[in-house]
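Participant: The opening residue of the sequence shown carries number -5 in the working numbering; numbering runs sequentially from there. Using N, Cα and C, we set each Cβ at its ideal position, and we do this for glycine too. If you're wondering where the values come from, they're calculated on a predicted model, not measured in any experiment.
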Amino acid sequence: KDNENYHILNTYMSICTIRLAYSNMEMYIKYHNPDWTLNEYCYKYSEEKFSKQIARMIERKREEKSIETTFELVEIIKAAIPASARRKGGHPAKRTFQAIRIELNRELEVLRDSLDDMIEMLNEGGRICIITFHSLEDRIVKNFFKKMSEVDSKVKGMPNIPSSYLPDFRLVENKAIIP
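#1: Pick from I70, S147, R121 and R133: whose alpha carbon is nearest that of E53?
#2: Ends of the alpha helix (DSSP H) at R95?
#3: Leaving out five residues on either side along the sequence, give the residues of the same chain with a beta carbon under 8 Å from the beta carbon of R164.
#4: Exposed or buried, V135, counting other C-beta atoms within 10 Å across all chains shown (16 or more means buried)?
#5: What's the call for C123, buried or exposed, on a 16-neighbour Cβ count within 10 Å?
#6: Would you report the Cα separation of F139 and E167, rounded to the nearest angstrom?
#7: Alpha carbon to alpha carbon, how far is I155 from K88? Give it in angstroms, no decimals.
#8: Hey, I48 and A79: beta-carbon distance below 7 Å or not?
#9: K38 by DSSP, collapsed to three states: which one?
#10: Among the residues of its own chain, which have a CB less than 7 Å from the CB of P86, if the five just before and after it don't count?
#11: I need the straight-line Cα distance from L160 to G119, nearest angstrom please.
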């Protein structure tokens, strides 16, 4: 009995979620970046190898009828990915859903803004530790701290660098620390 109720609730939530996600995604694309397509979001935010095929398949299916549930979207994504690729690398829709989530929540923009805010709030001698969950976040964080800890390019390589050109920060560890 509990499983039936959970399934009904889960299906209902999936229907609401996918409708909201698509309407938000369409509004975002239309007003903020009209030249971008679902393919470009999937590739940029999930590094999905099959982003073109997935985007084409989603657009083709949406012309036939609207996609009502996340389950339907998963089946469309599965159909767009070659069988050999579906057998490895986890769930075939994981990357596409990640890309949609990252874009709708503006996760990378929020991360960039948060890094700037952290630097402003950091006390002298303080440290910042950041845990990232995927390569896009990792790259942003590493590039940010590399830039913050580099000597100004105008004086780089000089024997005596004036203190005004020295970075305000230094990296304590420049490689990932794995637990």
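Facilitator: Looking at the coordinates:
#1: Taking the sequence shown and counting its residues from 1, one reaches residue 53 at position 59. Per the Cα distances, I70.
#2: What you label residue 95 is simply residue 101 of the sequence shown in a count that begins at 1. Start and end: K88 to N99.
#3: Within the sequence shown, numbered from 1, the residue matching residue 164 stands at position 170. Once the five neighbours on either side are set aside, the close Cβ partners of R164 are S143.
#4: Position 141 of the sequence shown, counted from the first residue, corresponds to residue 135. Looking at its Cβ environment, which holds 16 or more other Cβ atoms inside 10 Å, V135 is buried.
#5: Locating residue 123 in the sequence shown gives position 129, where the first residue counts as 1. That one is exposed.
#6: Reading the sequence shown from its first residue, position 145 is the one you call residue 139. Reading the sequence shown from its first residue, position 173 is the one you call residue 167. Cα to Cα, F139 sits roughly 10 Å from E167.
#7: Against the sequence shown, residue 88 aligns to sequence position 94. Against the sequence shown, residue 155 aligns to sequence position 161. Taking the straight line from one Cα to the other gives about 49 Å.
#8: Position 54 of the sequence shown, counted from the first residue, corresponds to residue 48. Position 85 of the sequence shown, counted from the first residue, corresponds to residue 79. No; because the gap between Cβ atoms is not below 7 Å, this pair is not in contact.
#9: Residue mapping note: residue 38 aligns to position 44 of the sequence shown, counting from 1. Note: K38 maps to helix in three-state DSSP.
#10: The residue you call residue 86 lines up with position 92 of the sequence shown. Correct list, in chain order: I71, K72, I75 and R80.
#11: Along the sequence shown, one-based indexing puts residue 160 at 166. Along the sequence shown, one-based indexing puts residue 119 at 125. Rounded to the nearest angstrom, the two C-alpha atoms are 16 Å apart.
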